[in-house]
Amino acid sequence: MFLHGTSRINAQGHLEIGGCDVTDLAKEFGTPLYIVDETLVRQRAREFTEAFRKTGLRFQVAYASKAFCVMAMCRVAEEEGMSLDVVSDGELHTALKAGFPAERIHFHGNNKTPDEINMALDANIGCFVVDNFTEMQLLNSLAQEKGKTVNVLLRITPGVEAHTHDYISTGQQDSKFGFDLGNGTAFRAVEQAIAASNLKLLGVHSHIGSQIFEVEGFRMAVEKIAAFAIDIRAKLGETFSVINLGGGYGIRYVEGDTPLPVGQYVQAISDAMISSCKAADFPLPEIWIEPGRSIVGDAGTTLYTIGTSKDIPGVRKYIAVDGGMTDNPRPALYESKYDALLANRANDEATEVVSIAGKACESGDMLIWDLKLPESKSGDLLAVFCTGAYNYAMASNYNRIRRPAVVFVKDGKADLVVARESHEDISRNDLIPERLRKQAVSR
Ligand code: LLP
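For the sequence shown, position 152 matches number 152 in full-length UniProt numbering, and the numbering has no gaps at all.
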């Protein structure tokens with residue numbers, strides 16, 4: 001069993017995270033419960049910022065809030081000196097409400113609506129990452145109406161696609177995101193951005209994939225982007241001051257996952273950037289990156305209560321928990337693998353192989369296939385690890401199941417950062433039209 005961050009097994013044989021015994025957390029907050037190891041989140045953030053500091057380059061580490069966007073997380077991101085990448089008015093609203101400095105917010109997305117753009121313009125955010133020509137025109141005209149000039153990066157698809165382990169250097173053209181580098185679209189986009197009256201072009205952005213375990217793809221992307229920047233300077237006399245390389249740094253979900261230490265990704269990016277720029281006597285740009293999963297992923301654990309079980313002799317034993325695809329859709333969506341532990345009897349010997357089922361009315365609602373566990377019974381606690389990224393963020397109310405609470409744990413203290421949804425929350429936005437209301441029976 002691999003325990004992340006401050007997780008350990010205490011003298012009672014219980015899982016403890018951030019100095020909090022999870023059996024106590026279950027009593028206090030109920031289950032399912034997302035538990036976030038705040039110390040580990042901060043450690044991950046520092047690994048990125050410290051690795052960059054060592055390179056001597058100017059940089060911004062922008063937390064990709066899509067991985068887990070709640071106000072307390074925005075506070076931690078700010079305290080750790082990160083910028084913030086948002087992709088919707090909802091994420092922007094969350095960040096602003098948490099008091100996150102607007103000038104450190106970057107707005108992404110392939111279809112920002114006029115309302116979203118206006119909201120971001122009014123908030124004076126730091127930068128828009130422009131995805132396409134329609135948006136470029138819209139942003140320019142809305143900025144003009146407000147008499148503002150806004151910083152922009154252009155999202156380009158550099159022709160490097162990461163499939164976690166291998167890289168295809170032509171495959172990325174067919175993407176809904178960004179301006180294609182290979183067919184000249186990115187070049188035209190730069191020309192238009194320079195000409196736009198109310199846009200200030202800082203540079204370009206690329207994101208090559210997610211859950212990447214090697215540096216090769218990042219290196220290839222840097223080389224292609226640097227070559228583009230050099231070409232733009234030669235042909236248009238415009239020098240990019242920022243290059244944003246997106247996110248995608250992998251984490252260890254299960255045995256066999258082999259992410260690199262964060263510093264190695266940063267080093268590879270910096271080395272590639274420095275050597276490409278030196279060769280062309282190009283001034284070193286500021287490097288921005290956008291890690292999401294690698295900041296919060298392994299800091300999250302979901303605690304469930306085991307309910308029913310079903311043993312099909314010779315076939316499989318199902319153990320059902322009080323959550324499932326509604327709080328973690330990733331196994332159903334991506335066949336993602338997770339590891340788990342019987343949290344209230346963590347030292348017991350694993351004697352059986354079981355499959356962990358969720359409670360939604362859908363056969364596909366399975367969290368883990370073939371997990372070795374001690375014999376469990378109803379009321380035991382199951383901790384599923386590495387659920388910090390894209391779990392709460394992608395949770396749903398399917399079957400009208402309520403979204404769980406989220407707690408931050410640190411130094412023996414647990415703080416509720418998202419309350420569990422109530423039954424009332426579930427029907428809060430429902431309306432019954434007059435004609436469907438129950439009429440008082442007239443006699
Ligand atoms: N920047 C951009 C432009 C992105 O599109 C993404 C992720 C990130 C940064 C952060 O990537 P990360 O460091 O977290 O890999 N729901 C999927 C992941 C979708 C990622 C989308 N973009 C999952 O659960 O695996």
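Glycine is no exception: its CB is placed at the ideal position from the N, C-alpha and C atoms.
On the CB-based measure, 16 or more other CB atoms within 10 Å of its CB, does N140 come out buried or exposed?
The residue you call residue 140 lines up with position 140 of the sequence shown. With 16 or more other Cβ atoms within 10 Å, it is buried.
Could you tell me which uninterrupted beta strand (DSSP E) segments, each at least 3 residues in length, are contained entirely in the region 33–119, listed from first to last along the chain?
If we require 3 residues or more, the beta strand (DSSP E) runs fully inside the region 33–119 come out as 33–37, 59–64, 83–86 and 105–107.
With a cut-off of 8 Å, do at least 3 Cβ pairs link the region 387–406 to the region 346–365?
Yes, the region 387–406 touches the region 346–365.
Output the distance between the C-alpha atoms of P329 and S197, rounded to the nearest integer angstrom.
As a working note, residue 329 is residue 329 in the sequence shown. As a working note, residue 197 is residue 197 in the sequence shown. Taken atom to atom, the span from the alpha-carbon of P329 to that of S197 is near 44 Å.
Spatial distance of D380 from E16 (CA atoms)
As a first step, residue 380 must be located in the sequence shown, where it is residue number 380. As a first step, residue 16 must be located in the sequence shown, where it is residue number 16. D380 and E16 have their C-alpha atoms roughly 15 Å apart.
In this structure, how does DSSP classify D415 when only helix, strand and coil are distinguished?
Reading the sequence shown from its first residue, position 415 is the one you call residue 415. Residue state, collapsed to three classes: strand.
E116: beta carbon under 7 Å from a heavy atom of ligand 1?
If you number the sequence shown from 1, residue 116 lands on position 116. E116 has its Cβ no nearer than 7 Å to any heavy atom of ligand 1.
If you drop the 5 nearest sequence neighbours on each side, which residues of the same chain put their C-beta closer than 6 Å to that of C386?
Position 386 of the sequence shown, counted from the first residue, corresponds to residue 386. A distance below 6 Å between beta-carbons, with the five flanking residues on each side excluded, links C386 to the following residues of its chain, in chain order: Y253, G297 and D298.
Looking at Y390: is its Cβ nearer than 8 Å to the Cβ of V406?
Position 390 of the sequence shown, counted from the first residue, corresponds to residue 390. Position 406 of the sequence shown, counted from the first residue, corresponds to residue 406. No, the pair does not count as a contact, with Cβ atoms beyond the cut-off.
State the Cα-Cα distance for the pair N347 and I9, rounded to the nearest angstrom.
Within the sequence shown, residue 347 is the residue found at index 347, counting from 1. Within the sequence shown, residue 9 is the residue found at index 9, counting from 1. Here the alpha carbon of N347 sits roughly 8 Å from the alpha carbon of I9.
Please name the residue in G292, I289, V315 and D21 whose C-alpha comes closest to that of V409.
To locate residue 409, count along the sequence shown from 1; it is residue 409. For V409, the closest C-alpha among the options G292, I289, V315 and D21 is that of D21.
For G178: DSSP bridge partner residues
Mapped onto the sequence shown, residue 178 falls at position 178. G178 is not bridged to any residue.
F218, DSSP secondary structure in three states:
As a first step, residue 218 must be located in the sequence shown, where it is residue number 218. Three-state DSSP puts F218 in a helix.
Cβ shell of I269 (< 7 Å), same chain only, five flanking positions each side left out
Here the question's residue 269 lines up with position 269 in the sequence shown. Excluding sequence positions up to five before and after I269, its CB lies within less than 7 Å of the CB of F218, V222, L245 and I287, all in the same chain and listed in chain order.
Range covered by the alpha helix (DSSP H) that runs through I426:
Indexing the sequence shown from 1 puts residue 426 at position 426. Looking at the DSSP string, the run of the alpha helix (DSSP H) that includes I426 is H423 to S427.
Of the residues L138, C127 and E335, which one's Cα is nearest the Cα of I105?
Within the sequence shown, residue 105 is the residue found at index 105, counting from 1. The residue with the shortest Cα to Cα distance from I105 is C127.
Could you say which of T302, F52 and R46 lies nearest to M273 if we only look at CA atoms?
By one-based count along the sequence shown, residue 273 stands at place 273. Checking every option, the nearest Cα to that of M273 belongs to F52.
Looking only at DSSP bridge pairs, what is S378 linked to?
On the sequence shown, residue 378 is found 378 positions in, with the first residue counted as 1. According to DSSP, S378 bridges with nothing at all.
Euclidean distance between Cα positions of S88 and A227:
Here residue 88 refers to the residue found at position 88 of the sequence shown. Here residue 227 refers to the residue found at position 227 of the sequence shown. Distance between the alpha carbons of S88 and A227 is about 31 Å.
In terms of residue numbering, what span does the beta strand (DSSP E) encompassing G307 cover?
Locating residue 307 in the sequence shown gives position 307, where the first residue counts as 1. First-last of the beta strand (DSSP E) with G307: G300 to I312.
Residue closest to T94, alpha-carbon to alpha-carbon, out of A72, M136, K278 and E135
Taking the sequence shown and counting its residues from 1, one reaches residue 94 at position 94. Shortest Cα-Cα distance from T94 to any of A72, M136, K278 and E135 involves A72.
Can you look up D370 in the DSSP assignment and give me helix, strand or coil?
Working through the sequence shown from its first residue, we reach residue 370 at position 370. Strand at D370.
Under 7 Å Cβ to Cβ from D365, same chain only, skipping five residues before and after it: list those, please.
The count along the sequence shown starts at 1 and reaches residue 365 at position 365. Closer than 7 Å at the Cβ level, and outside the excluded window around D365, lie G324, M325, A332, A357 and G358.
Quick check: what's the CA-CA separation for E50 versus I432?
Position 50 of the sequence shown, counted from the first residue, corresponds to residue 50. Position 432 of the sequence shown, counted from the first residue, corresponds to residue 432. One C-alpha to the other measures close to 55 Å.
Other residues of its chain near L96: CB distance less than 7 Å, five sequence neighbours each side excluded:
Position 96 of the sequence shown, counting from 1, holds the residue named residue 96. Answer for L96: A102 and A123, listed in chain order.
Could you tell me the alpha carbon to alpha carbon distance between A440 and N429, rounded to whole angstroms?
By one-based count along the sequence shown, residue 440 stands at place 440. By one-based count along the sequence shown, residue 429 stands at place 429. Their Cα atoms are separated by approximately 24 Å.
For R316, tell me which candidate among L260, R46 and D370 has the shortest Cα-Cα distance.
Start at 1 with the first residue of the sequence shown, and residue 316 comes out as number 316. In terms of Cα proximity to R316, the closest of L260, R46 and D370 is D370.
Cβ atoms of L181 and K224: under 8 Å apart, would you say?
Along the sequence shown, read from residue 1 onward, the residue named residue 224 stands at position 224. Along the sequence shown, read from residue 1 onward, the residue named residue 181 stands at position 181. Yes, Cβ-Cβ distance for K224 and L181 is below 8 Å.
Based on DSSP bridge pairs, tell me the residues matched to I287.
For the purposes of this step, residue 287 is taken as the residue at position 287 of the sequence shown. I287 is bridged by DSSP to F59 and I243.
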